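Peer 1: Residue numbers (the UniProt record's numbering), protein chains in the order written: chain A, 1 to 295; chain B, 1 to 295; chain C, 1 to 295; chain D, 1 to 295.
Protein chains: 4
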Amino acid sequence: MNEPVQHDIQMGKDVGRLLLRCADRPGLVAAVSTFLAEAGANIISLDQHSTQQTGGTFMQRTIFHLPGLTAARDALERDFGERVADVFGMDFRLTEAAKPKRVAIMASKEDHCLIDLLWRNRRGELDMSVVMVIANHPDLADQVRPFGVPFIHVPARKDIRESAEQRQLDLLRGNVDLVVLARYMQILTPSFIDQVGCPLINIHHSFLPAFIGASPYRRARERGVKLVGATAHYVTDDLDEGPIIEQDVVRVDHRHSVDDLVRLGADVERAVLSRAVLWHCEDRVIRFGNQTIRL
Amino acid sequence: MNEPVQHDIQMGKDVGRLLLRCADRPGLVAAVSTFLAEAGANIISLDQHSTQQTGGTFMQRTIFHLPGLTAARDALERDFGERVADVFGMDFRLTEAAKPKRVAIMASKEDHCLIDLLWRNRRGELDMSVVMVIANHPDLADQVRPFGVPFIHVPARKDIRESAEQRQLDLLRGNVDLVVLARYMQILTPSFIDQVGCPLINIHHSFLPAFIGASPYRRARERGVKLVGATAHYVTDDLDEGPIIEQDVVRVDHRHSVDDLVRLGADVERAVLSRAVLWHCEDRVIRFGNQTIRL
Amino acid sequence: MNEPVQHDIQMGKDVGRLLLRCADRPGLVAAVSTFLAEAGANIISLDQHSTQQTGGTFMQRTIFHLPGLTAARDALERDFGERVADVFGMDFRLTEAAKPKRVAIMASKEDHCLIDLLWRNRRGELDMSVVMVIANHPDLADQVRPFGVPFIHVPARKDIRESAEQRQLDLLRGNVDLVVLARYMQILTPSFIDQVGCPLINIHHSFLPAFIGASPYRRARERGVKLVGATAHYVTDDLDEGPIIEQDVVRVDHRHSVDDLVRLGADVERAVLSRAVLWHCEDRVIRFGNQTIRL
Amino acid sequence: MNEPVQHDIQMGKDVGRLLLRCADRPGLVAAVSTFLAEAGANIISLDQHSTQQTGGTFMQRTIFHLPGLTAARDALERDFGERVADVFGMDFRLTEAAKPKRVAIMASKEDHCLIDLLWRNRRGELDMSVVMVIANHPDLADQVRPFGVPFIHVPARKDIRESAEQRQLDLLRGNVDLVVLARYMQILTPSFIDQVGCPLINIHHSFLPAFIGASPYRRARERGVKLVGATAHYVTDDLDEGPIIEQDVVRVDHRHSVDDLVRLGADVERAVLSRAVLWHCEDRVIRFGNQTIRL
Numbered sequence: 001m002n003e004p005v006q007h008d009i010q011m012g013k014d015v016g017r018l019l020l021r022c023a024d025r026p027g028l029v030a031a032v033s034t035f036l037a038e039a040g041a042n043i044i045s046l047d048q049h050s051t052q053q054t055g056g057t058f059m060q061r062t063i064f065h066l067p068g069l070t071a072a073r074d075a076l077e078r079d080f081g082e083r084v085a086d087v088f089g090m091d092f093r094l095t096e097a098a099k100p101k102r103v104a105i106m107a108s109k110e111d112h113c114l115i116d117l118l119w120r121n122r123r124g125e126l127d128m129s130v131v132m133v134i135a136n137h138p139d140l141a142d143q144v145r146p147f148g149v150p151f152i153h154v155p156a157r158k159d160i161r162e163s164a165e166q167r168q169l170d171l172l173r174g175n176v177d178l179v180v181l182a183r184y185m186q187i188l189t190p191s192f193i194d195q196v197g198c199p200l201i202n203i204h205h206s207f208l209p210a211f212i213g214a215s216p217y218r219r220a221r222e223r224g225v226k227l228v229g230a231t232a233h234y235v236t237d238d239l240d241e242g243p244i245i246e247q248d249v250v251r252v253d254h255r256h257s258v259d260d261l262v263r264l265g266a267d268v269e270r271a272v273l274s275r276a277v278l279w280h281c282e283d284r285v286i287r288f289g290n291q292t293i294r295l
Numbered sequence: 001m002n003e004p005v006q007h008d009i010q011m012g013k014d015v016g017r018l019l020l021r022c023a024d025r026p027g028l029v030a031a032v033s034t035f036l037a038e039a040g041a042n043i044i045s046l047d048q049h050s051t052q053q054t055g056g057t058f059m060q061r062t063i064f065h066l067p068g069l070t071a072a073r074d075a076l077e078r079d080f081g082e083r084v085a086d087v088f089g090m091d092f093r094l095t096e097a098a099k100p101k102r103v104a105i106m107a108s109k110e111d112h113c114l115i116d117l118l119w120r121n122r123r124g125e126l127d128m129s130v131v132m133v134i135a136n137h138p139d140l141a142d143q144v145r146p147f148g149v150p151f152i153h154v155p156a157r158k159d160i161r162e163s164a165e166q167r168q169l170d171l172l173r174g175n176v177d178l179v180v181l182a183r184y185m186q187i188l189t190p191s192f193i194d195q196v197g198c199p200l201i202n203i204h205h206s207f208l209p210a211f212i213g214a215s216p217y218r219r220a221r222e223r224g225v226k227l228v229g230a231t232a233h234y235v236t237d238d239l240d241e242g243p244i245i246e247q248d249v250v251r252v253d254h255r256h257s258v259d260d261l262v263r264l265g266a267d268v269e270r271a272v273l274s275r276a277v278l279w280h281c282e283d284r285v286i287r288f289g290n291q292t293i294r295l
Numbered sequence: 001m002n003e004p005v006q007h008d009i010q011m012g013k014d015v016g017r018l019l020l021r022c023a024d025r026p027g028l029v030a031a032v033s034t035f036l037a038e039a040g041a042n043i044i045s046l047d048q049h050s051t052q053q054t055g056g057t058f059m060q061r062t063i064f065h066l067p068g069l070t071a072a073r074d075a076l077e078r079d080f081g082e083r084v085a086d087v088f089g090m091d092f093r094l095t096e097a098a099k100p101k102r103v104a105i106m107a108s109k110e111d112h113c114l115i116d117l118l119w120r121n122r123r124g125e126l127d128m129s130v131v132m133v134i135a136n137h138p139d140l141a142d143q144v145r146p147f148g149v150p151f152i153h154v155p156a157r158k159d160i161r162e163s164a165e166q167r168q169l170d171l172l173r174g175n176v177d178l179v180v181l182a183r184y185m186q187i188l189t190p191s192f193i194d195q196v197g198c199p200l201i202n203i204h205h206s207f208l209p210a211f212i213g214a215s216p217y218r219r220a221r222e223r224g225v226k227l228v229g230a231t232a233h234y235v236t237d238d239l240d241e242g243p244i245i246e247q248d249v250v251r252v253d254h255r256h257s258v259d260d261l262v263r264l265g266a267d268v269e270r271a272v273l274s275r276a277v278l279w280h281c282e283d284r285v286i287r288f289g290n291q292t293i294r295l
Numbered sequence: 001m002n003e004p005v006q007h008d009i010q011m012g013k014d015v016g017r018l019l020l021r022c023a024d025r026p027g028l029v030a031a032v033s034t035f036l037a038e039a040g041a042n043i044i045s046l047d048q049h050s051t052q053q054t055g056g057t058f059m060q061r062t063i064f065h066l067p068g069l070t071a072a073r074d075a076l077e078r079d080f081g082e083r084v085a086d087v088f089g090m091d092f093r094l095t096e097a098a099k100p101k102r103v104a105i106m107a108s109k110e111d112h113c114l115i116d117l118l119w120r121n122r123r124g125e126l127d128m129s130v131v132m133v134i135a136n137h138p139d140l141a142d143q144v145r146p147f148g149v150p151f152i153h154v155p156a157r158k159d160i161r162e163s164a165e166q167r168q169l170d171l172l173r174g175n176v177d178l179v180v181l182a183r184y185m186q187i188l189t190p191s192f193i194d195q196v197g198c199p200l201i202n203i204h205h206s207f208l209p210a211f212i213g214a215s216p217y218r219r220a221r222e223r224g225v226k227l228v229g230a231t232a233h234y235v236t237d238d239l240d241e242g243p244i245i246e247q248d249v250v251r252v253d254h255r256h257s258v259d260d261l262v263r264l265g266a267d268v269e270r271a272v273l274s275r276a277v278l279w280h281c282e283d284r285v286i287r288f289g290n291q292t293i294r295l
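(1) By the 9 Å beta-carbon criterion, what residues does the segment 16 to 35 of chain B contribute toward chain D?
(2) Using 8 Å for Cβ pairs, my map puts leucine 117 (chain D) next to serine 274 (chain D). What's the rounded Cβ distance?
(3) Below 6 Å CB to CB, which residues in the same chain sit around alanine 276 (chain B) once its five sequence neighbours on both sides are set aside?
(4) Taking a contact to mean a Cβ-Cβ separation below 9 Å, would you say threonine 95 (chain B) touches leucine 172 (chain B) in this structure?
(5) Identify the contact partners of asparagine 42 (chain D) in chain B, using a Cβ-Cβ distance below 9 Å as the criterion.
(6) Evaluate contact between the segment 33 to 45 of chain D and the segment 78 to 91 of chain D, counting only Cβ atoms and requiring at least three cross-stretch pairs below 8 Å.
(7) Quick one: does arginine 255 (chain A) have its CB under 9 Å from some CB of chain B?
(8) How big is the Cα-Cα spacing for valine 180 (chain C) and asparagine 175 (chain D)?
(9) Does the beta-carbon of valine 15 (chain D) have 16 or more other beta-carbons within 10 angstroms, so that it is buried, or is it exposed?
(10) Can you tell me the Cα-Cα spacing of valine 268 (chain B) and arginine 294 (chain A), whole angstroms?
(11) Check this for me: beta carbons of arginine 255 (chain A) and histidine 137 (chain B), under 9 Å apart or not?
(12) Which runs of the beta strand (DSSP E) at least 3 residues long sit entirely within the segment 195 to 264 of chain A? Give them in chain order.
(13) Return the first residue and the last residue of the alpha helix (DSSP H) that aspartate 74 (chain B) is part of.
(14) What separation, rounded to the nearest whole angstrom, lies between the Cα atoms of alanine 214 (chain B) and valine 228 (chain B)?
(15) Quick one: does aspartate 116 (chain D) have its CB under 9 Å from some CB of chain B?
(16) Give a yes or no on whether the minimum CB-CB distance between aspartate 8 (chain C) and chain D is below 9 Å.
(17) Is threonine 70 (chain B) buried or exposed, if buried means 16 or more other CB atoms sit within 10 Å of its CB?
(18) Which residues mark the beginning and the end of the beta strand (DSSP E) in which aspartate 95 (chain D) is found?
(19) Measuring only the C-alpha atoms, how far is leucine 66 (chain D) from alanine 41 (chain D)?
(20) Who are the Cβ neighbours of serine 163 (chain B) in its own chain at under 7 Å, not counting the five residues just before and after it?
(21) Just tell me which of A:Ser191, A:Glu110, A:Val130 and A:Leu46 has its CA closest to the CA of tyrosine 184 (chain A).
(22) Give the straight-line distance between the Cα atoms of methionine 1 (chain B) and threonine 292 (chain D), rounded to the nearest whole angstrom.
(23) Note down, in chain order, every chain A residue with its Cβ under 9 Å from the Cβ of glutamine 48 (chain C).
(24) Should glutamate 222 (chain C) be flagged as near chain D, meaning a C-beta pair shorter than 9 Å?
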């Protein structure tokens, strides 16, 4: 393939992503790859996973190059639905790499996760379109503005939760493909999660053993833990119990103060959240029951 | 210092370890180091820790070289008690590096932790004297015998717990300085722990989030965890809740089967347990409340 | 699929592995998966990689289940060659999961890598058939014999290299599918590597920056390195420069003595070598130029 | 100790740091700790290291609390010199925790290390006073200004090195305690290093095996490395060969593109450089020959 095409692919031009999930059975890979070959698409990469060696659920992520994808997309989607997905009982999703996801970031007073996402986005490491930052405190406005992203202050507390969520929904609904909770310290109701109409990704600290509730770092230090960590997950009605996307830890010891643990925990949190958002924006993460598969 | 002395120190000859703990106050380091200097001892290394910057608990581990230590030890211990420890209200312990701890390992059917300990001991990496292996199943006898360590089969089950523990106590009491539970799958009663007369170290798997009970690896996989880990801790009456000595994790993903998780978990377990036993045998671990300080 | 079949697959019965490599072009995945579907095989997993997004080299590893594989294998191989491989100019290899690789381990005086391989094999973690251990020193005979593996002492030194290699070749040629150099401290000549007729995997320590030659751990400590590591690679004529299969490191600091570095380095070496041998035995590693792709 | 004093210590008020280095001999710890006790200082923490168990070089870092330190400092320094340092032939340095180091950061076009340092400083994680950023390109001005730090553009290229270094020296000499090269891509001459009058810390990528020269990430990928890393070190006349302060690595595999390696490498670089600068600013790093000891 010639150089200009190579360059287009790197920019995401004419590159499609096909994600699918169905009951496992023979012939799936052949059916999908034959469809794509006949449509004139070249497979750039293909990853698949079965939850069991036989009889489980099959998931596949295929990246392909098809000249003129944007114009052809609707027809391709319809054809794939009729000729493949319906035959095998597949859920599927077809996206274009050149169309970044529209993302809202919700934050509170802590900057580490928020700034890491904005900074990676500006550097070109994290392909997304950050359409707004919603914060329940005004503190971070000055830090966000230089990134050229709207900063919207929506006060939120327990006593005004209903009206706050209504304002947030007015801002978000239909406007975003993903909401990232970047240390947004308020509980979101099941009603909000239901109505917002797109996935939400959250980050929380995690420890061995677990410390739920207030002052987790202080209690972790009192227990003498040797690792502190963070977990990024999709938000479900079960607070902090949704499907895990990514986890990581950092070693600590008795010489670390509570402040040190908070600082090291912040480093893990921002790294874990940024990886989870990156993988989601690259359509790598497939939900399956209460877990995720990263292809 | 001349070469023969250097060599003696490496062999632990004439090398003492002084561990102490007391309420923090000015002058502690000066008092201890002046005592040792006046006794003719040279400090090889000194590590200390205070639980708070002021007003907390002070702990110190001092390694020193004193020609003729074995002969002088009792007098040294008495003098230190009178001239330093009593003055500052210290708990202290004085050990000789040349006298390895007597260790019993309790095992069941799984070999990975047991063999790793015996193998490191044979290689000279882990200075201890393994005086017996007690197992509630006979399966590992052939694996243990080539290491030249007595293998004693004491059947143990829930219904014969009392008599089993009595036989174990008969073997252990007065004969060992440490009991290592190397995947010994039986519960030990508070009475046993109380009577055995020495510390016990246990290893258990650990996950984020935690899975307590049966089939933890299967449940961890169903939850889609990204890390599996292990925790080594001193045994207290609270099962699996004693002071943590060491923890570690290994990354996993959806491609790992339950068997893979078990295999990777075994690697972490043996590494973590071996490190914990090593540090204990080097007198590096000081207990403080429900945590440990590793100096 | 019913339970007995599920169990057969876990045992590797009727499970085939197809590895292939060719110039990338559209239609490859479709051609291979259609061939397998028509042959009655069910794809269990499929991993592929292209060295460039377009115009590079394409590699694929496909695991499939085909009842009666052993009987059908020769015909399947011939058909695939004619109908797919010849058409696309593919190199390919077809193996049966139920037929473990025959492996010889060459060692010297150090036991850590050798014992780790034998121990994982005995535990069932590392599916291979260890047909012999060849050592240029007799020291490890007693450690190897309990594993039920022949231990063959072939003295080897610089001055008798030619005759030693001839004896080793007499033992190995035609009898093994893989030679693992488990800290075998002798140089092997290009002539030996050429004649042995199977791949060789070697392990060596590695540092940042590199210390080539004698006493690497001493020099690493003098340089104050913060990481020590190990690299497992296929052996080529360029000593220690062959395609890398796996690498890892462990953190160290100024408190670690040279002995500590050697001990920690041994832990990394055995872990890295065991992973490399496991992946090779599972046909996961494809060589490409002077690198490897692990599918 | 009462609450106000506890708070003062956390703020660094009346907290001193004493670093010393001398030939090892008995009585050193006693002499120093007795001196401090007699001066009315309370030892908060004490770390020491000997390069050999006997006969080597002894290094110690002592953190102490002394009410009225700022006023008493000069006398304390003089007394310690006369009564302890001169007696034992010590090099020593006495600093006040409340007086942060004055730091200049030199950068070029890449932002990741520079921004991470400024951001941690603003968060209060990294106690230093950034007095200026000097860059040989104007690109990063807009990113630096919101941090309230002067951005000074000093064009520098091979052909104008002499005049550029002269301008840089005019800015730096006498004004800073540390220069951090945050991906400053120009060579600095031995003359500059000699005249600048303070330590310099540099960051560079590091690989196993090493790739020196242009396009290291491309060559690392072609070699199929499994780890990419970074090394922070003090600058000496030997380019990139000065005493190592910190190193770290991240795992990569064949699925990572060159862009991915650059991105992951940037994450390691900024983490490693920030840790090195933090430890230096806390007076934790002692140089010894061509290595560092971190106490």
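Even glycine gets a Cβ: it sits at the ideal position worked out from N, Cα and C. If you're wondering where the values come from, they're calculated on a predicted model, not measured in any experiment.
Peer 2: Quick look at the numbers:
(1) Asp24, Arg25, Pro26, Gly27, Leu28, Val29, Ala30, Ala31, Val32, Ser33, Thr34 and Phe35
(2) As a first step, residue 117 (chain D) must be located in the fourth sequence, where it is residue number 117. As a first step, residue 274 (chain D) must be located in the fourth sequence, where it is residue number 274. Right, the Cβ-Cβ distance comes to about 6 Å (below 8 Å), so this counts as a contact.
(3) Within the second sequence, residue 276 (chain B) is the residue found at index 276, counting from 1. Cβ neighbours of alanine 276 (chain B) beyond the five flanking positions: Ile201, Ala232, Ile245 and Glu246.
(4) Residue mapping note: residue 95 (chain B) aligns to position 95 of the second sequence, counting from 1. Residue mapping note: residue 172 (chain B) aligns to position 172 of the second sequence, counting from 1. No, the pair does not count as a contact, with Cβ atoms beyond the cut-off.
(5) Walking along the fourth sequence from the start, residue 42 (chain D) turns up at place 42. Chain B residues near asparagine 42 (chain D): Asp24, Arg25, Pro26, Gly27 and Thr54.
(6) yes
(7) For this step, residue 255 (chain A) is matched to residue 255 along the first sequence. Chain B contact via Cβ: present.
(8) Taking the first residue of the third sequence as position 1, residue 180 (chain C) is located at position 180. Taking the first residue of the fourth sequence as position 1, residue 175 (chain D) is located at position 175. Distance between the alpha carbons of valine 180 (chain C) and asparagine 175 (chain D): 59 Å.
(9) In the fourth sequence, residue 15 (chain D) corresponds to position 15, counting from 1. So valine 15 (chain D) counts as buried.
(10) By 1-based counting over the second sequence, the position of residue 268 (chain B) is 268. By 1-based counting over the first sequence, the position of residue 294 (chain A) is 294. Roughly 24 Å between the two C-alpha positions.
(11) Start at 1 with the first residue of the first sequence, and residue 255 (chain A) comes out as number 255. Start at 1 with the first residue of the second sequence, and residue 137 (chain B) comes out as number 137. No, Cβ-Cβ distance for arginine 255 (chain A) and histidine 137 (chain B) is not below 9 Å.
(12) 200 to 207, 227 to 234 and 244 to 251
(13) By one-based count along the second sequence, residue 74 (chain B) stands at place 74. Start and end: 69 to 80.
(14) Along the second sequence, one-based indexing puts residue 214 (chain B) at 214. Along the second sequence, one-based indexing puts residue 228 (chain B) at 228. About 16 Å.
(15) In the fourth sequence, residue 116 (chain D) corresponds to position 116, counting from 1. Chain B, which has no Cβ nearer than 9 Å to the Cβ of aspartate 116 (chain D), makes this no.
(16) Mapped onto the third sequence, residue 8 (chain C) falls at position 8. Output row for aspartate 8 (chain C): interface = no.
(17) Residue mapping note: residue 70 (chain B) aligns to position 70 of the second sequence, counting from 1. The residue is exposed, with fewer than 16 neighbouring Cβ atoms inside 10 Å.
(18) Residue numbering aside, residue 95 (chain D) sits at position 95 when the fourth sequence is read from its first letter. It is worth fixing the name first, because residue 95 (chain D) is threonine in this sequence and not aspartate. From DSSP, the beta strand (DSSP E) with threonine 95 (chain D) extends over 91 to 96.
(19) Residue 66 (chain D) sits at position 66 when you count from the first residue of the fourth sequence. Residue 41 (chain D) sits at position 41 when you count from the first residue of the fourth sequence. For leucine 66 (chain D) and alanine 41 (chain D), the distance between alpha carbons rounds to 5 Å.
(20) Position 163 of the second sequence, counted from the start, is the residue given in the question as residue 163 (chain B). So the list is empty, once near-sequence residues are dropped.
(21) Along the first sequence, read from residue 1 onward, the residue named residue 184 (chain A) stands at position 184. That would be A:Glu110, whose Cα lies nearest to the Cα of tyrosine 184 (chain A).
(22) The residue labelled residue 1 (chain B) in the question sits at position 1 within the second sequence. The residue labelled residue 292 (chain D) in the question sits at position 292 within the fourth sequence. The predicted model places methionine 1 (chain B) with a pLDDT of 40, which falls under 50 and marks its position as unreliable; any figure quoted below should be read in that light. Roughly 24 Å between the two C-alpha positions.
(23) For the purposes of this step, residue 48 (chain C) is identified with residue 48 of the third sequence, where counting begins at 1. By Cβ distance, chain A contributes Ile43, Ser45, Leu46 and Asp47.
(24) Counted from its first residue, the third sequence places residue 222 (chain C) at position 222. Glutamate 222 (chain C) counts as touching chain D.
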